[in-house]
Amino acid sequence: MKIQIPADVAWILEKMREAGYEAYAVGGCVRDALLGKEPNDWDITTSAKPEETKTIFPKTIDTGIQHGTVTVMKNHVGYEITTYRIDGTYADGRHPDSVEFTSDLKEDLRRRDFTINAMAYSEETGVVDEFGGMEDLDRHVIRCVGNAMERFTEDALRILRAVRFSAQLGFEIEEETYKALSVIAPNLKHVSAERIQVELTKTLLSAHPERVMLVEKTGMTPFISKTFGRIFEEESNFTGTGHGGNTAVSGKSVVRSLYARLERAAALPQEKAVRWAALLAELEDKTAVQILREMKLDNDTIRSVKTLVGHFTDRFDWDTDSVSQAEHKNMAESKEREYLARKFMSEISPELLDRLFLLIHTLDPDRGKMVDDAAALVDKIRKRGDCVSLKTMAVTGQDLIQKGVKPGPELGRILAEMFEKVLRDPAENEKEKLLRMLGDETAE
Ligand code: ATP
Ligand code: MG
Numbered sequence: 274m275k276i277q278i279p280a281d282v283a284w285i286l287e288k289m290r291e292a293g294y295e296a297y298a299v300g301g302c303v304r305d306a307l308l309g310k311e312p313n314d315w316d317i318t319t320s321a322k323p324e325e326t327k328t329i330f331p332k333t334i335d336t337g338i339q340h341g342t343v344t345v346m347k348n349h350v351g352y353e354i355t356t357y358r359i360d361g362t363y364a365d366g367r368h369p370d371s372v373e374f375t376s377d378l379k380e381d382l383r384r385r386d387f388t389i390n391a392m393a394y395s396e397e398t399g400v401v402d403e404f405g406g407m408e409d410l411d412r413h414v415i416r417c418v419g420n421a422m423e424r425f426t427e428d429a430l431r432i433l434r435a436v437r438f439s440a441q442l443g444f445e446i447e448e449e450t451y452k453a454l455s456v457i458a459p460n461l462k463h464v465s466a467e468r469i470q471v472e473l474t475k476t477l478l479s480a481h482p483e484r485v486m487l488v489e490k491t492g493m494t495p496f497i498s499k500t501f502g503r504i505f506e507e508e509s510n511f512t513g514t515g516h517g518g519n520t521a522v523s524g525k526s527v528v529r530s531l532y533a534r535l536e537r538a539a540a541l542p543q544e545k546a547v548r549w550a551a552l553l554a555e556l557e558d559k560t561a562v563q564i565l566r567e568m569k570l571d572n573d574t575i576r577s578v579k580t581l582v583g584h585f586t587d588r589f590d591w592d593t594d595s596v597s598q599a600e601h602k603n604m605a606e607s608k609e610r611e612y613l614a615r616k617f618m619s620e621i622s623p624e625l626l627d628r629l630f631l632l633i634h635t636l637d638p639d640r641g642k643m644v645d646d647a648a649a650l651v652d653k654i655r656k657r658g659d660c661v662s663l664k665t666m667a668v669t670g671q672d673l674i675q676k677g678v679k680p681g682p683e684l685g686r687i688l689a690e691m692f693e694k695v696l697r698d699p700a701e702n703e704k705e706k707l708l709r710m711l712g713d714e715t716a717e
């Protein structure tokens with residue numbers, strides 16, 4: 274079996290071999306190349322010790338020297354080169370207490386998590402597959418190298434990696450490996466919130482976001498974060514039952530509808546905020562924010578998810594469907610609708626508004642028509658170029674100061690009043706007209 278390796282990787286392997294060492298591409302890149310996917314990065318494993326690797330290449334970075342990893346730069350891309358190693362005991366359920374270098378490739382492959390991640394490749398040898406990785410790739414199976422219970426006991430992060438790879442690749446988790454997920458779930462307490470989050474985020478961003486439900490199914494939920502379990506509770510603001518109680522029962526109907534929603538989420542853009550919002554859509558926005566904070570998501574993502582979740586259940590009463598367009602010939606009413614649309618547009622960025630419509634359209638087909646109509650109205654307003662932001666209002670704070678208004682709350686109030694007028698009627702967005710309001714005020 275031959276795989277295509279990039280010229281720079283081939284060059285690195287070649288240099289190492291010339292220097293008298295073994296060197297292979299290893300892990301995820303071999304897996305992805307065999308699947309015909311473009312690998313994210315190419316990792317290299319070698320019999321050379323880190324100091325030896327450093328003598329071969331002029332420019333290296335000590336990335337994780339204590340674990341045997343140095344990075345070689347080639348054409349501005351970094352390649353991690355790690356010495357064959359055997360991991361020592363894992364007292365903390367997450368990191369090996371020590372690592373030991375070895376000259377045996379097979380030992381290095383044995384320490385890796387899953388069979389499909391435990392293959393190496395070089396042009397000379399072809400694929401080195403000591404643990405049945407090729408067969409599992411063919412059969413679409415995630416299986417631990419060796420005994421699943423032992424491997425997960427060493428490092429509990431691996432149980433989330435199993436879920437993540439199953440979601441990314443659309444593979445099933447082999448039975449022994451699957452059974453061990455539930456048993457080891459409590460060990461997630463040894464895994465940092467960030468690492469848990471990274472794996473869940475990758476799961477949600479994958480082709481099978483619905484596989485995040487494996488977390489609930491295998492009993493990992495209570496160990497993900499304090500509030501994470503709320504996702505699977507019966508109550509939701511969507512059904513209008515409120516959030517008063519603490520019923521920790523995970524309702525079957527919730528799980529079913531959540532599963533269906535996450536299946537649909539596969540069609541959404543692969544963006545962190547959008548995919549997390551799909552998972553959290555039916556929670557109150559403050560609960561969603563709490564979960565994301567516990568999971569140490571970045572503030573940008575948290576802010577976006579808050580907006581998306583907060584408006585997910587909105588009715589968009591200002592929509593225009595074809596029937597009501599005929600009905601609302603009444604000018605006053607259509608004006609009111611456009612005003613409500615502009616007001617909403619002024620409260621949420623254009624990008625996020627588009628995401629919100631897409632989110633509802635994709636996840637809740639019952640409201641698809643409603644958001645499409647709302648989106649059509651927004652589109653019309655955008656094309657017309659109505660002012661929906663203070664930034665494009667014809668009067669600025671500076672203008673007001675020039676007119677003698679003192680900076681402070683009063684200035685803010687006047688700007689807000691002018692903006693409200695402009696939102697009501699875009700024709701009012703002219704400097705002279707707006708400043709006339711000021712005249713009225715000072716005259717009062
Ligand atoms: P990705 O596409 O996300 O980069 P990957 O398989 O390359 O997937 P990495 O986290 O980059 O995953 O790790 C590279 C390789 O290191 C894996 O393929 C696996 O062989 C090994 N590995 C990584 N993390 C672990 C772990 N927690 N336990 C055992 N082996 C691991
Ligand atoms: Mg990788």
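Just remember that our numbering sits 273 ahead of the position in the sequence shown, which is counted from 1. Backbone N, C-alpha and C define an ideal beta-carbon position, used for all residues, glycine too.
Thr560 in three-state terms, based on DSSP: As a working note, residue 560 is residue 287 in the sequence shown. Helix, per DSSP.
Proximal residues to Ser595 (C-beta, below 7 Å), its chain only, five neighbours per side dropped: The residue given as residue 595 occupies position 322 in the sequence shown. Summary for Ser595: the model assigns pLDDT 48, below 50, so the residue's position carries little reliability; its value from the coordinates is reported in the next sentence. Within the same chain, Ser595 has no close Cβ partners at all.
C-beta contact flag for Ala614 and Leu650 at 7 Å: Within the sequence shown, residue 614 is the residue found at index 341, counting from 1. Within the sequence shown, residue 650 is the residue found at index 377, counting from 1. It is a contact, given that the beta carbons lie within the stated cut-off.
Element boundaries [beta strand (DSSP E), containing Asp360]: Here residue 360 corresponds to residue number 87 of the sequence shown, with the count starting at 1. Asp360 -> beta strand (DSSP E) spans 358-360.
Proximity below 7 Å, CB of Ala421 to CB of Ala453: Within the sequence shown, residue 421 is the residue found at index 148, counting from 1. Within the sequence shown, residue 453 is the residue found at index 180, counting from 1. Their beta carbons are under 7 Å apart, which means Ala421 touches Ala453 by this criterion.
Distance between Pro312 and Lys664 (C-alpha atoms, nearest Å): The residue labelled residue 664 in the question sits at position 391 within the sequence shown. The residue labelled residue 312 in the question sits at position 39 within the sequence shown. Those two C-alpha atoms are separated by around 43 Å.
First through last residue of the beta strand (DSSP E) which encompasses Thr476: Translated into positions along the sequence shown, residue 476 becomes position 203. No beta strand (DSSP E) contains Thr476, which is instead part of the alpha helix (DSSP H) from 466-477.
Nearest residue (CA-CA) to Glu739, options Arg686, Lys676, Leu684: Look at the range of the chain in this structure, 274 to 717, and you will see that residue 739 is not part of it.
Ligand 1 heavy atom lying under 6 Å from the CB of Asp428: Position 155 of the sequence shown holds residue 428. Yes.
Inter-stretch contact (C-beta, 8 Å, three-pair minimum) for the region 568-576 and the region 468-484: yes
Inside the region 653-712 only - beta strand (DSSP E) runs reaching at least 3 residues: none
Three CB pairs or more closer than 8 Å across the region 535-544 and the region 555-564: no
Environment of Asp370 [buried if 16+ CB atoms lie within 10 Å]: Position 97 of the sequence shown, counted from the first residue, corresponds to residue 370. Asp370 should be labelled exposed.
Run of the beta strand (DSSP E) containing Ala298, from where it starts to where it stops: The residue labelled residue 298 in the question sits at position 25 within the sequence shown. Per DSSP, Ala298 belongs to the beta strand (DSSP E) from 296-299.
Residue range of the alpha helix (DSSP H) that includes Ser526: As a working mapping, residue 526 is identified with position 253 in the sequence shown. Where Ser526 is concerned, the enclosing alpha helix (DSSP H) stretches over 525-538.
Assigned secondary structure, Ile415 (DSSP; H/G/I helix, E/B strand, else coil): In the sequence shown, the residue the question calls residue 415 occupies position 142. The answer is strand: DSSP assigns Ile415 an E or B state.
Where Met274 falls, given that 16 or more other Cβ within 10 Å makes a residue buried: As a position in the sequence shown, residue 274 is number 1, starting the count at 1. The residue is exposed, with fewer than 16 neighbouring Cβ atoms inside 10 Å.
For Arg468, the nearest candidate out of Pro482, Ser455, Leu433 (CA to CA): Walking along the sequence shown from the start, residue 468 turns up at place 195. Comparing Cα positions, the closest option is Leu433.
Which listed residue (Trp315, Arg367, Phe374, Val661) has its alpha carbon closest to that of Glu324: For the purposes of this step, residue 324 is taken as the residue at position 51 of the sequence shown. Looking at the Cα atoms, Phe374 is the closest of the given residues.
Distance, Asp316 Cα to Gly301 Cα: Walking along the sequence shown from the start, residue 301 turns up at place 28. Walking along the sequence shown from the start, residue 316 turns up at place 43. Between Gly301 and Asp316, the C-alpha separation is close to 8 Å.
For Ala649, the three-state DSSP class (helix, strand or coil): Locating residue 649 in the sequence shown gives position 376, where the first residue counts as 1. Helix, per DSSP.
Short Cβ contact (7 Å threshold) for Phe505 with Val527: Counting from 1 along the sequence shown, the entry for residue 505 is found at position 232. Counting from 1 along the sequence shown, the entry for residue 527 is found at position 254. In contact: Phe505 and Val527 (Cβ atoms closer than 7 Å).
Whether Ser439 touches Ile415 by CB criterion (7 Å): Translated into the one-based positions of the sequence shown, residue 439 becomes position 166. Translated into the one-based positions of the sequence shown, residue 415 becomes position 142. Yes; because the gap between Cβ atoms is below 7 Å, this pair is in contact.
8 Å contact criterion, which Pro258 and Ile674 should meet: CB distance rounded: This structure does not reach residue 258, given that the chain is present from 274 up to 717, and the question cannot be answered.
Reference Ser395, options Tyr294, His349, Gln441, Gly419, closest by Cα: Translated into the one-based positions of the sequence shown, residue 395 becomes position 122. That would be Tyr294, whose Cα lies nearest to the Cα of Ser395.
Where the beta strand (DSSP E) through Tyr394 begins and ends: Residue mapping note: residue 394 aligns to position 121 of the sequence shown, counting from 1. It spans 392-395 - the beta strand (DSSP E) in which Tyr394 sits, taken as one unbroken run.
Separation of Leu632 from Asp409, as counted between CA atoms: Reading the sequence shown from its first residue, position 136 is the one you call residue 409. Reading the sequence shown from its first residue, position 359 is the one you call residue 632. Taking the straight line from one Cα to the other gives about 35 Å.
Residue of Val644, Arg628, Asp652, Met618 minimising C-alpha distance to Phe692: Position 419 of the sequence shown holds residue 692. Ranking the options by Cα distance to Phe692, first place goes to Met618.
7 Å Cβ shell around Gly341 - same chain, five flanking residues per side excluded: Reading the sequence shown from its first residue, position 68 is the one you call residue 341. Closer than 7 Å at Cβ, skipping near neighbours: Pro323, Thr355, Thr356, Arg358, Val372, Phe374.
Three-state secondary structure (DSSP) of Gly309: Taking the first residue of the sequence shown as position 1, residue 309 is located at position 36. The answer is coil: DSSP assigns Gly309 none of H, G, I, E or B.
Spatially closest choice to Asn460 from Leu708, Lys490, Glu447, Pro495, by CA coordinates: Against the sequence shown, residue 460 aligns to sequence position 187. That would be Pro495, whose Cα lies nearest to the Cα of Asn460.
Nearest candidate by alpha-carbon position, reference Arg367, set Asp360, Leu430, Gly309, Lys347: Walking along the sequence shown from the start, residue 367 turns up at place 94. It is Leu430 whose Cα lies nearest to the Cα of Arg367.
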